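See structure below.
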Amino acid sequence: MKFSSTIKVTGMKFSKGKMDNGTEFDSTKVYVETELDTSKDTAMGTACAEYGLGKADEYQKYKHLADALPFMAIADMEIVTNGKTQKTIIHALKPIEPAKPSGQGVKNVAA
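The sequence shown begins at 1205 in the working numbering and counts up one residue at a time.
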């Protein structure tokens, strides 16, 4: 099931290499602020959940946003399953431009 969602990205990391047994790994992880389950009245607030975002080279597309963290983005997401368990993956992120403060670009000139 594919869907889009507005998310708050709190961090990202990539991992690429080879294990001692020869198995290669190559991934980017995105950390997203997510509401805790309040249905049992045993939790409140938010935590960060980890989502996959393709291979390690995806990280480079967003590296320039390091100083903007956390940032809001529109995420193209999908829920997938292996028949027993399910997970949510992110296919694409589109950062949302923050609103500029009013008066930006206007110079005050003292008389």
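Cβ coordinates follow ideal geometry from the N, Cα and C atoms, glycine included. Quick caveat: nothing in here was measured; it's all calculated off a predicted structure.
Quick check on residue i: buried or exposed, where buried means 16 or more other Cβ atoms within 10 Å of its Cβ?
| i | result |
| --- | --- |
| valine 1213 | buried |
| isoleucine 1211 | buried |
| alanine 1315 | Model confidence at alanine 1315 stands at a pLDDT of 47, short of 50, so the residue's coordinates are unreliable; what they give is reported in the following sentence. By the neighbour-count rule (16 or more Cβ atoms within 10 Å), alanine 1315 is not buried but exposed. |
| valine 1284 | exposed |
| methionine 1216 | buried |
| methionine 1205 | exposed |
| alanine 1270 | exposed |
| methionine 1281 | buried |
| alanine 1279 | buried |
So, using beta-carbon positions, are residue i and residue j closer together than 8 Å?
| i | j | result |
| --- | --- | --- |
| leucine 1240 | alanine 1251 | yes |
| threonine 1227 | phenylalanine 1218 | no |
| phenylalanine 1229 | lysine 1220 | yes |
Rounded to whole angstroms, how far is the Cβ of residue i from the Cβ of residue j, which I believe are closer than 8 Å?
| i | j | result |
| --- | --- | --- |
| alanine 1277 | leucine 1297 | 5 Å |
| glutamate 1301 | proline 1274 | No, glutamate 1301 and proline 1274 are not in contact; Cβ-Cβ is about 15 Å, not under 8 Å. |
| tyrosine 1263 | threonine 1292 | Their Cβ separation, rounded to whole angstroms, is 19 Å, which puts tyrosine 1263 and threonine 1292 out of contact at 8 Å. |
Which stretch, first to last residue, makes up the beta strand (DSSP E) that contains residue i?
| i | result |
| --- | --- |
| alanine 1296 | 1290-1299 |
| aspartate 1280 | 1275-1285 |
| methionine 1223 | That residue, methionine 1223, is in no beta strand (DSSP E); it is neither H nor E in DSSP. |
Alpha helix (DSSP H) runs contained entirely in the region 1230-1269, provided each spans 4 or more residues = Correct list: 1261-1266.
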